[in-house]
Amino acid sequence: MFQTIPADAPPAHAATALPILQLVGVRKMFGGFAAVEGIDLDVREGEFLTIVGPSGSGKTTLLRMLAGMDQPSEGNITLRGELINDMPPNRRPTCLVFQSLALFPHKSVGENIAFALKVKGVDAATRKKRALELMRVVRLPDNYHDKNVMKCSGGERQRVALARAFAYDPDVLFFDEPLSALDYKLKKALEKELKDLHRETGKTFIYITHSLEEAMVMSDRIGVMRAGKLVQVGTPEEIYGAPVDRFVSEFVGEVNTLKMTRAGAEWHGVDVPGTFTLAPPKDGAALDEAFVVIRPEYMRFLAPGDRADNRLSGAVYNEYSLGSRIQYQVRVGEKVMLVELSRAHALAPGASREVTIGWDAADAFTLGS
Amino acid sequence: MADIALARAPETAREIRHARRLSVGAKCAMPVAVLLGIGFLAPMVAILAYSFATPRSFDVFRSFTLENFAGLFDPANTVWLSFAWSVGFALFTVAILAVVAYPIAYGLNAVFGRWAGLISVLFVFPLFVSENVRLYGWVLFFIKNGVLDGTLRWLGFSGGPEVLYTPGVTLFGMAYTYLPFMLFPMTLGLALVPRDLVDAARDLGAGRLLIWREIELPLAMPGILIGMLLTFVLAVGATAEAKILGGQSIIVISHDIEIAFTYSQNWPLGSALAVVVSVFIAALTLVALSKLDLDRMLGRR
Amino acid sequence: MATTPAVARRRTNTLIWIWTAFVLIAVYLPIVCGALASFNKSRYFGFPIKVYATEWWQKTLDSIEIGMLVRNSIAIALLVTAISVVIATFGALAFARYDWKGRRLYQKLILLPVFFPQPVLGLALLLGFNAVGIQTSWLTAVFAHLVWIVPVVTLVIAIQVYGFDPSLEEAAYDLGCTRVQVFREVTLPLLWPGIWSGMLFAFLLSWSNFPLSLYTAGADSTIPKWLYAKMVAGYTPMVPALGTMATLGAASLLLGGGLIMLLLRRRQPA
Chain A
760 MFQTIPADAP PAHAATALPI LQLVGVRKMF GGFAAVEGID LDVREGEFLT IVGPSGSGKT
820 TLLRMLAGMD QPSEGNITLR GELINDMPPN RRPTCLVFQS LALFPHKSVG ENIAFALKVK
880 GVDAATRKKR ALELMRVVRL PDNYHDKNVM KCSGGERQRV ALARAFAYDP DVLFFDEPLS
940 ALDYKLKKAL EKELKDLHRE TGKTFIYITH SLEEAMVMSD RIGVMRAGKL VQVGTPEEIY
1000 GAPVDRFVSE FVGEVNTLKM TRAGAEWHGV DVPGTFTLAP PKDGAALDEA FVVIRPEYMR
1060 FLAPGDRADN RLSGAVYNEY SLGSRIQYQV RVGEKVMLVE LSRAHALAPG ASREVTIGWD
1120 AADAFTLGS
Chain B
48 MADIALARAP ETAREIRHAR RLSVGAKCAM PVAVLLGIGF LAPMVAILAY SFATPRSFDV
108 FRSFTLENFA GLFDPANTVW LSFAWSVGFA LFTVAILAVV AYPIAYGLNA VFGRWAGLIS
168 VLFVFPLFVS ENVRLYGWVL FFIKNGVLDG TLRWLGFSGG PEVLYTPGVT LFGMAYTYLP
228 FMLFPMTLGL ALVPRDLVDA ARDLGAGRLL IWREIELPLA MPGILIGMLL TFVLAVGATA
288 EAKILGGQSI IVISHDIEIA FTYSQNWPLG SALAVVVSVF IAALTLVALS KLDLDRMLGR
348 R
Chain C
9 MATTPAVARR RTNTLIWIWT AFVLIAVYLP IVCGALASFN KSRYFGFPIK VYATEWWQKT
69 LDSIEIGMLV RNSIAIALLV TAISVVIATF GALAFARYDW KGRRLYQKLI LLPVFFPQPV
129 LGLALLLGFN AVGIQTSWLT AVFAHLVWIV PVVTLVIAIQ VYGFDPSLEE AAYDLGCTRV
189 QVFREVTLPL LWPGIWSGML FAFLLSWSNF PLSLYTAGAD STIPKWLYAK MVAGYTPMVP
249 ALGTMATLGA ASLLLGGGLI MLLLRRRQPA
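Take a look at the structure:
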């Protein structure tokens, strides 16, 4: 039932290679406020790392420090072993694709792409040749070379921004939610293209987004940020299958969370009545109070005689179609539980709305916080 | 910050409004249009009419002659000299002010932070003090036994330089008077350069000089051009500096026009001169403005 | 590394601060010189001043002639403010808010009087008044000021209009307001800061205007006109005294206006 993971997940060399970027105890203060705090992170050569978090979690601040537009207040950032805390962006072998794209409105598509080459003093003919090559890489037609960049569509601008960054030939590329302004379909298409480009170029990509869905599709590893801290770093499977706390589990998608207290060997529900069987927490901690997190797709309706570790009775009061799947909202006392089923297992139209729902302990996470 | 990719959407909404509001906009423009029709265009027509009247007469609309214009184009006339002084001084004023104002405009955008508002007000305020008063203050500063001379003597020097009533001090006075007209459009222009673009250029390896030449200057150009145009045009028409500070050591073109209207009582000649100056200024203004998008300059979303 | 970019930037910023301070000193130096001259006891200016006195200020305040000029200047400025703010508010809406056929042309034509040399504009108006047989007085000066000040105030208010979301008006309209109610309930309150600055501009620009008043006020004199006449012939320390007073008047008006604007903004819900 796990989401399919891209078949090309972590390249073989990634796990063994030395980190290209290393962050140790990085902290950034704005006035008395710590926007980013206690960040330790190793970025592997050639990986696609995505940092996700809600707005205000400090992910853009972190990225700006990596790109050199802000300096950390504390801690060290090293690139291939060299300390780069105060190295200005124009000397770093890194390049940022801005959320606004920051295309130069007074320059053509070709001039935008070749900007980094012009900076290096490359002659005009070579610049044009290289720009056309890069345009082919990002799938822009040749006749766009002299087009006004402001006359390009949203998707075309993304490609220009990408090609412009490639022209700089950076070791690491940063992306600051560049797809956030696009419509759903185009976004999906570009996510796949970006993933392909990552594989083709073999460069290290560090991507920032608030959408975990986006992160799941593209990344080798995901880092989840909250309130300036990195809460968890791991492969998409780890983030999805073994969240370290409630925040991460809820960030990954809609979940059912139930609070429990322990009395001797028995767990009692706080929001719902009854006693429950809990899987031991992943970290093996002894808890007196715990949160049980169950994904809606692990919940099921129980017919009389069906077996399940845990069960609750309630009433269906709403159902939503999610395309191939259906989500039910089931009221259990004051609590609303979500149950997600494929259409094949949908409730029959005439069936009773009074239902029993259940789940197995092994399908749920037991978390301390 | 609105995303560039989204910039299209409001355009259509605006177009929808366009169809509905057509007449409202025209109605709102009416009072201004009437005022300027009577107060600006009509006097221009009157001047034009006078410029074709018999010299030294008040026979407007009753006579037609090109004699006044012929007089202006007569090489024996000194009018061309005044015109040259005016244009030359205006060009120098623009050049000086571009250099003086640029660092301040940059500072207002990127350096002064919360002081920027106060500093702007300090630069605006002199506009509300009659230029006579301000220029006369410089007379008191530069004059013999004045503030500069007196201070230098008091410090034991042999006294201040005699700069008053020279063309140089006239130029100084012009740069002084028109500073705000260069500073504010320039500040507005620099404010139009998105911070992201500068960051992006730096990220792509550009140094400060290259960023300035490739990004900041071209994007701020509309504002800088408006500032230059405004100062140039105002400086071409300036008289007070030459009269008060320059002590009439040079005669500028507006002063010639005044003389024709007042002392020599030759309204047709003065009108012809005014027509030439007006056409020059109007042509320059309209050509320059036609190249600029005022909506973008002033921040329409 | 000898200089890091951060150090270089700090150095540039310091230079910019110094340069700006230097230019500001130059901007205010002549105004200070005028103030100094007005406190000189002697009839003729000489520096350093030997005896300071306020007698020329007293004489200026006592002068019946000057009282009349001040009244003229205030009357002109008040009338110009009242009329120009109404015309310019609508003018600004036409400039920035609505899309209509002649807008681009209108935007450019409205700038012409601003760019036009004022002495020549004054003379042209004088000629026009003369042609239709109107006797020039302080009222014709009001009209002349309007020709120049209305476009300026229009631009000042237009900047506020640009920052205003037209869909707010549409929402009010949609909620059942009449056009007049929309204007009173939504447009006007939101434009108020711009209108207020426009009024300050109108008053202060009229107050300090010389070239237009010179040719179009006829026998009526204003403060700048009188000052000029005395500067050219017949200096007395009353010239810098009155000039300084006019400057202080403008400064206190600007300060008061700014304070009122701040208070208005503070009264708005946060």
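Protein chains in written order, with our numbering: chain A, 760 to 1128; chain B, 48 to 348; chain C, 9 to 278. C-beta atoms are modelled at their ideal positions from N, C-alpha and C, and glycine is treated no differently.
At least one CB atom of chain C sits nearer than 9 Å to the CB of Phe159/B. Taking 7 Å as the upper bound on Cβ-Cβ separation, chain B lies near residues Phe151, Leu154, Val155, Val158, Thr162, Ala166, Ile167, Tyr170 of the segment 147-170 of chain C. The Cβ of Lys338/B sits no closer than 9 Å to any Cβ of chain C. The beta carbon of Lys877/A sits closer than 9 Å to some beta carbon of chain B.
Fewer than three pairs of CB atoms, one per stretch, sit closer than 8 Å, so the segment 57-77 of chain C makes no contact with the segment 191-199 of chain C.
Look at Arg1112/A here: in three-state DSSP terms it is coil, with no helix or strand label. Beyond the five residues adjoining it in sequence on each side, Leu235/C comes within less than 7 Å, by CB distance, of Val247, Leu250, Gly251 in the same chain, given in chain order. Asn1069/A carries a strand assignment under DSSP once its states are collapsed to helix, strand and coil. In this structure, the CA atom of Asp799/A is about 12 Å from the CA atom of Glu833/A. Taking Gln917/A as reference, the option from Lys1018/A, Asp935/A, Gly1033/A with the minimal CA-CA separation is Asp935/A. One finds Pro265, Leu266 in chain B with Cβ atoms closer than 7 Å to the Cβ of His865/A, taken in chain order. In this model, Glu1025/A and Ala1049/A are separated by some 12 Å (Cα to Cα).
Taking CB atoms only, Ala123/B has no neighbour in chain A less than 9 Å away.
Between Ala210/C and Ile231/C, the C-beta spacing is not below 9 Å.
Residues of chain B with a Cβ closer than 8 Å to the Cβ of Ser970/A do not exist, since the nearest Cβ in that chain sits about 16 Å away. A distance below 7 Å between beta-carbons, with the five flanking residues on each side excluded, links Ala166/C to the following residues of its chain, in chain order: Ala100, Phe103, Ala104. Taking C-beta atoms as the reference points, Gly164/B and Thr28/C fail to come closer than 9 Å. Taking CB atoms only, Gly135/B has no neighbour in chain A less than 9 Å away. Contact between Lys954/A and Met977/A holds: their C-beta atoms lie close to 5 Å from each other, under 8 Å.
At least 9 Å separates the beta-carbon of Thr1115/A from that of Leu1037/A.
Residue state for Arg103/B is assigned as coil, using DSSP reduced to three classes. At least one CB atom of chain A sits nearer than 9 Å to the CB of Pro241/B. Counting only runs of at least 3 residues, the segment 819-902 of chain A fully encloses the following beta strand (DSSP E) elements, listed from N- to C-terminal order: 833-838, 853-856. Using beta-carbon distances, Trp259/B does not count as an interface residue toward chain C, since no partner is under 9 Å.
Between Gln143/C and chain B, the shortest Cβ-Cβ separation is not below 9 Å.
Annotation: Arg187/C to Pro1032/A spans about 59 Å, alpha carbon to alpha carbon. Boundaries of the alpha helix (DSSP H) harbouring Phe120/B: 114-120, taken from the DSSP string.
Using a CB distance cut-off of 9 Å, Ser216/C counts as an interface residue toward chain B.
Cβ atoms of Leu1126/A and Ser939/A stay farther apart than 8 Å, at about 30 Å. Per DSSP, the continuous beta strand (DSSP E) segment holding Ile810/A begins and ends at 807-811. Under the criterion of beta carbons closer than 8 Å, Met239/C and Ile298/B do not qualify as touching, at roughly 18 Å.
Counting C-beta pairs closer than 8 Å gives fewer than three between the segment 251-259 of chain B and the segment 325-342 of chain B, which falls short of the contact rule.
The continuous alpha helix (DSSP H) containing His153/C extends over residues 146-170. In terms of Cβ geometry, Met268/B and Met229/B do not form a close pair [threshold 9 Å]. If you draw a straight line from the Cα of Leu131/C to the Cα of Leu316/B, it comes to about 13 Å. Legend: CB atoms of the segment 84-114 of chain B lying less than 7 Å from CB atoms of chain C belong to residues Gly86, Phe87, Ala89, Pro90, Met91, Ala93, Ile94, Tyr97, Val107.
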